Amino acid sequence: MTILRELLQSFLTFLERVGLLARFALQLLVITPAGLLRVRPIIEQVYNTGALSLVIIMTCGLFVGMVLGLQGYDLLTRFGSEEYLGTATAISLLRELGPVVTALLFAGRAGTALAAELGLMRATDQIAAMEIMAVDPMRRVVLPRFLGGVIAMPLLVSIFVVVGLFGAQLVGVEFFGVDSGSFWSQMRSSVELSDVREGLIKGVVFGIACSLIAVYEGYNALPTAEGVGRATTRTVVISAVVTLILDYILTALML
Amino acid sequence: MPLSNHNGELLYNQSGPAGASAPAAQSPSIAVLRDVHYAVDSGKQVFTGLDLEIRRGAVTAIMGPSGTGKTTLLKLITGQVLADRGQVLVDGLDVAKLRRKELYALRRRMGMLFQNGALLTDLDVFENVAFPLREHTRLPERLIRTIVLTKLHAVGLRGAAALSPQQLSGGMSRRVALARAIAMDPDILIYDEPFAGLDPISMGMVLRLIRSLNDALGITSIVVTHDVREISQISDSSFIISEGKVVASGTTAELRDHPSPIVHQFVEGLADGPVSFHYPAPEYHEQLLGGHSFA
């Protein structure tokens, strides 16, 4: 009975958290049209979440592409079809690895930074000070950070894919001697616009999910050092799980 | 600007609190709390029938031992939390019944100095003071600059306009926060523990500023503190809160002569009295020898 009660309690807590997150998302949605008119803070946040994540995104993109080049070459030579290496890596990167790995890296770099920043603003009374100054912190602080993340994510996905393709080309063409013409022409003839679209849609959806989780956890963090730490940890864990679940759902819907 | 003379220095009422309290004595109350009950989420009852009136134009001190809900009282006045029972009226408006827009309109007439300053860390000193002006007005940049520099000059930190909050000392942070709090020329200025952790010089500066701003701007000041000696130099009246209620009110002299043992203990800063040094616990020897749990 105790186990059942605990399970029920956990389930109710989970439902409560989902409900609170949904209400928070709805609040953001309502203020988004007005918030879009204040372009400058959004650009600043695109810089903070996007531009400052570029190094890690490009480094990881390069190595993911190089690994794909290695694995793809090894597999395709067994069937004598190494000229399809470009197609294989491009589709893998565009449809799956680009958006998913970028989202996971985004959650680890920009998501934690957002959560920690908002949590510390709460802990140091900056949020309360805004409320006393009759400034809505949701509009002034949360919304630009959320929108900045949503805009930055598909851009980061695109950069990740481009750098990843360069990495695959580096390994396949430069190291293993796959014909450069075959590599690029096979890719261009096989990759369709729907593949690019799938990657970008995933990028936008993951951007919404990861940014929402980060600003929600940070904004609602307990105003203590432990509370801020917990918010950043939860941001990474929840974002990673939600990204993978959403990836499955989106893939199933778009196939 | 009403708060400074031709040299830009604050006008200070040399006659002190007594002189300042004379016109305030006839003024009506700006904040009234009636039979306020409030409990925190954990169930702990903070207020159990609190009654309090704050006079317009006066410097009012809210004092009491730690954990008696002084900061919560400020949150009730500013509408950050709502009373479970009772009424909180600010300038005749029932805070609990205000819609968000109305509450924000009321808050625009308030300024608050937080214990740690609560400066926005991504903005420099100038932008921190300009923040409420930029958010609530469409003043030209030149005028915003003039207002910000005037407010910073009033707190003696015009030269620190380009510094970031991380470069400021505790006392400087609080003075910048004070400049920000008066940027919109509020009717009510609320101070939450303004002297905590300050050195004597900074404390003297803040003390002088509270009185000067109150008199020069013609505003109402509410100061939450437990620094009895300091606040008694500038306050017109004081309230002492303990165990969820106001246990004493009046001028500093009246509080000194108050018959209540808890007021006596607090005003004189005595270790022994109704407020115990020890948090409630089992018998010392029993806990040491008997293996009592800490829960």
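Chains as they are written, first to last, in our numbering: chain A, 1 to 255; chain B, 1 to 295. Glycine included, C-beta positions come from ideal geometry on N, C-alpha and C. Bear in mind that the values here come from a model prediction, so they are computed numbers and not experimental data.
Checklist entry - So B:Ile262 and B:Val247 are in contact, right, with Cβ under 8 Å, and what is the actual spacing, rounded? => result Walking along the second sequence from the start, residue 262 of chain B turns up at place 262. Walking along the second sequence from the start, residue 247 of chain B turns up at place 247. Indeed, because the Cβ distance is near 6 Å, the residues count as touching under 8 Å.
Next on the checklist: Please determine whether the Cβ atom of A:Ala123 lies at a distance below 7 Å from any heavy atom of the ligand MN.
Outcome noted: You won't find the ligand MN in this model; it holds no ligand whatsoever.
Next on the checklist: Am I right that A:Asp125 and B:Phe114 are in contact with their C-beta atoms under 8 Å? What's the rounded C-beta distance?
Outcome noted: In the first sequence, the residue the question calls residue 125 of chain A occupies position 125. In the second sequence, the residue the question calls residue 114 of chain B occupies position 114. At roughly 5 Å, the Cβ-Cβ gap stays under 8 Å, so A:Asp125 and B:Phe114 are in contact.
Checklist entry - Would A:Val55 be called buried (16 or more neighbouring beta carbons within 10 Å of its own) or exposed? => result For the purposes of this step, residue 55 of chain A is taken as the residue at position 55 of the first sequence. Exposed, since its Cβ has fewer than 16 Cβ neighbours within 10 Å.
Next on the checklist: If you measure between the beta carbons of B:Thr121 and B:Gln87, is that distance less than 8 Å?
Outcome noted: Numbered from 1 along the second sequence, position 121 holds the residue referred to as residue 121 of chain B. Numbered from 1 along the second sequence, position 87 holds the residue referred to as residue 87 of chain B. No, the pair does not count as a contact, with Cβ atoms beyond the cut-off.
Item to check | chain A contact for B:Tyr104 (CB, 8 Å cutoff) | outcome: Walking along the second sequence from the start, residue 104 of chain B turns up at place 104. Yes, contact with chain A.
Item to check | Opening and closing residue of the beta strand (DSSP E) in which B:Gly296 lies | outcome: Here chain B covers residues 1 to 295 and nothing more, so residue 296 of chain B does not appear.
Checklist entry - Closer than 8 Å, CB to CB, is A:Val135 near chain B or not? => result By one-based count along the first sequence, residue 135 of chain A stands at place 135. Answer yes: the Cβ-Cβ gap between A:Val135 and chain B drops below 8 Å somewhere.
Next on the checklist: If you follow the alpha helix (DSSP H) that B:Tyr191 is in, where does it begin and where does it stop?
Outcome noted: Locating residue 191 of chain B in the second sequence gives position 191, counting from the first residue. It is not in any alpha helix (DSSP H) - B:Tyr191 instead sits in the beta strand (DSSP E) that spans Ile188 to Asp192.
Next on the checklist: Using a Cβ-Cβ cutoff of 7 Å, what residues of the region 71-95 of chain B are near chain A? List them in chain order.
Outcome noted: Thr78 and Gln80
Item to check | C-alpha distance - A:Tyr211 paired with A:Glu198, whole-angstrom precision | outcome: Sequence index remark: in the first sequence, residue 211 of chain A carries index 211 (1-based). Sequence index remark: in the first sequence, residue 198 of chain A carries index 198 (1-based). Looking at the sequence itself, residue 211 of chain A is Ser, so the reference to Tyr does not match. Cα to Cα, the separation comes out at about 20 Å.
Next on the checklist: Here's the rule I'm using: 16 or more other beta-carbon atoms within 10 Å means buried, otherwise exposed. How should A:Ile249 be labelled?
Outcome noted: Working through the first sequence from its first residue, we reach residue 249 of chain A at position 249. It counts as exposed.
Next on the checklist: Between the region 99-112 of chain A and the region 235-243 of chain A, can you find at least three pairs of beta-carbon atoms closer than 8 Å?
Outcome noted: yes
Next on the checklist: Less than 8 Å between the C-beta atoms of B:Thr225 and B:Met63, yes or no?
Outcome noted: On the second sequence, position 225 is the one that residue 225 of chain B refers to. On the second sequence, position 63 is the one that residue 63 of chain B refers to. Result yes, Cβ atoms of B:Thr225 and B:Met63 sit closer than 8 Å.
Checklist entry - Which residues in the same chain as A:Arg95 place their Cβ atom closer than 7 Å to its Cβ, once the five residues preceding and following it in sequence are excluded? => result To locate residue 95 of chain A, count along the first sequence from 1; it is residue 95. Closer than 7 Å at Cβ, skipping near neighbours: Asp195, Glu198 and Gly199.
Checklist entry - Are there 16 or more other CB atoms within 10 angstroms of the CB of B:Ala253, so buried, or fewer, so exposed? => result The count along the second sequence starts at 1 and reaches residue 253 of chain B at position 253. Burial call: exposed.
Checklist entry - So who's on the other strand from B:Thr60, going by DSSP bridges? => result Start at 1 with the first residue of the second sequence, and residue 60 of chain B comes out as number 60. B:Thr60 is bridged to B:Ile222 and B:Ser237.
Checklist entry - For B:Gly49, which option in B:Phe266, B:Leu89, B:Gly244 and B:Val90 has the closest C-alpha, if you only look at C-alpha atoms? => result As a position in the second sequence, residue 49 of chain B is number 49, starting the count at 1. Minimum Cα distance to B:Gly49 is reached at B:Gly244.
Checklist entry - Within 8 Å (strictly less), CB to CB, does B:Phe126 reach chain A? => result Counting from one through the second sequence, the residue named residue 126 of chain B turns up at place 126. It does not: the Cβ of B:Phe126 has no partner Cβ on chain A nearer than 8 Å.
Item to check | Simplified DSSP assignment, three categories, for B:Gln167 | outcome: Here the question's residue 167 of chain B lines up with position 167 in the second sequence. Helix at B:Gln167.
Item to check | Backbone secondary structure at B:Met112 - three-state DSSP | outcome: Numbered from its first residue, the second sequence carries residue 112 of chain B at position 112. The answer is strand: DSSP assigns B:Met112 an E or B state.
Item to check | Presumed contact (8 Å Cβ cut-off) between B:Leu157 and B:Val125, rounded CB distance | outcome: Taking the first residue of the second sequence as 1, we reach residue 157 of chain B at position 157. Taking the first residue of the second sequence as 1, we reach residue 125 of chain B at position 125. Going by Cβ atoms, the distance from B:Leu157 to B:Val125 rounds to 7 Å, so yes, they are a contact pair.
Checklist entry - What residues from the region 168-199 of chain B come within 7 Å of chain A, judged by C-beta to C-beta, listed N to C? => result none
Next on the checklist: Is there a Cβ of chain A sitting closer than 8 Å to that of B:Thr121, yes or no?
Outcome noted: Taking the first residue of the second sequence as 1, we reach residue 121 of chain B at position 121. Yes, B:Thr121 lies at the interface with chain A (some Cβ there is under 8 Å from its Cβ).
Checklist entry - Of all the options A:Gly207, A:Thr251, A:Gly172 and A:Leu244, which has the alpha carbon lying nearest to the alpha carbon of A:Glu83? => result Start at 1 with the first residue of the first sequence, and residue 83 of chain A comes out as number 83. It is A:Gly172.
Checklist entry - DSSP state of B:Tyr38, grouped into three classes? => result Counting from one through the second sequence, the residue named residue 38 of chain B turns up at place 38. Strand, per DSSP.
Checklist entry - How is A:Val196 classed by DSSP in three states: helix, strand or coil? => result For the purposes of this step, residue 196 of chain A is identified with residue 196 of the first sequence, where counting begins at 1. The answer is helix: DSSP assigns A:Val196 an H, G or I state.
Checklist entry - Quick one: what does DSSP say B:Gly117 is sitting in, helix, strand or coil? => result In the second sequence, residue 117 of chain B corresponds to position 117, counting from 1. Coil, per DSSP.
Item to check | Alpha-carbon spacing of B:Ser27 relative to B:Leu74, whole angstroms | outcome: Looking up residue 27 of chain B in the second sequence gives position 27. Looking up residue 74 of chain B in the second sequence gives position 74. The predicted model places B:Ser27 with a pLDDT of 45, which falls under 50 and marks its position as unreliable, so this point remains unresolved.
Checklist entry - Whose Cβ in chain B lies nearer than 7 Å to the Cβ of A:Ile132? => result Taking the first sequence and counting its residues from 1, the one referred to as residue 132 of chain A is at position 132. The answer, in chain order, is Thr78, Arg107, Met110 and Met112.
Item to check | Cβ-based contacts, 7 Å cut-off: residues of the region 141-160 of chain B near chain A | outcome: none
Next on the checklist: Residues in the same chain with beta-carbon distance under 8 Å from B:Leu93, minus the five sequence neighbours each way, listed in chain order, please.
Outcome noted: In the second sequence, counting from the first residue as 1, residue 93 of chain B sits at position 93. Cβ within range, chain order: Glu102 and Leu106.
Checklist entry - Who are the Cβ neighbours of B:Gly269 in its own chain at under 6 Å, not counting the five residues just before and after it? => result Taking the first residue of the second sequence as 1, we reach residue 269 of chain B at position 269. Hits under 6 Å: none found.
Next on the checklist: Counting C-beta neighbours from all protein chains within 10 Å, is the total for A:Gly80 16 or more, i.e. buried, or is it exposed?
Outcome noted: Your numbering for residue 80 of chain A matches position 80 in the first sequence. So A:Gly80 ends up on the exposed side.
Item to check | Integer-rounded CB distance, given that B:Asp199 should sit under 8 Å from B:Gly171 | outcome: Here the question's residue 171 of chain B lines up with position 171 in the second sequence. Here the question's residue 199 of chain B lines up with position 199 in the second sequence. That belief holds up - the Cβ atoms of B:Gly171 and B:Asp199 are roughly 7 Å apart, short of 8 Å.
Checklist entry - Can a CB atom of chain A be found closer than 8 Å to the CB of B:Pro132? => result On the second sequence, position 132 is the one that residue 132 of chain B refers to. Answer yes: the Cβ-Cβ gap between B:Pro132 and chain A drops below 8 Å somewhere.
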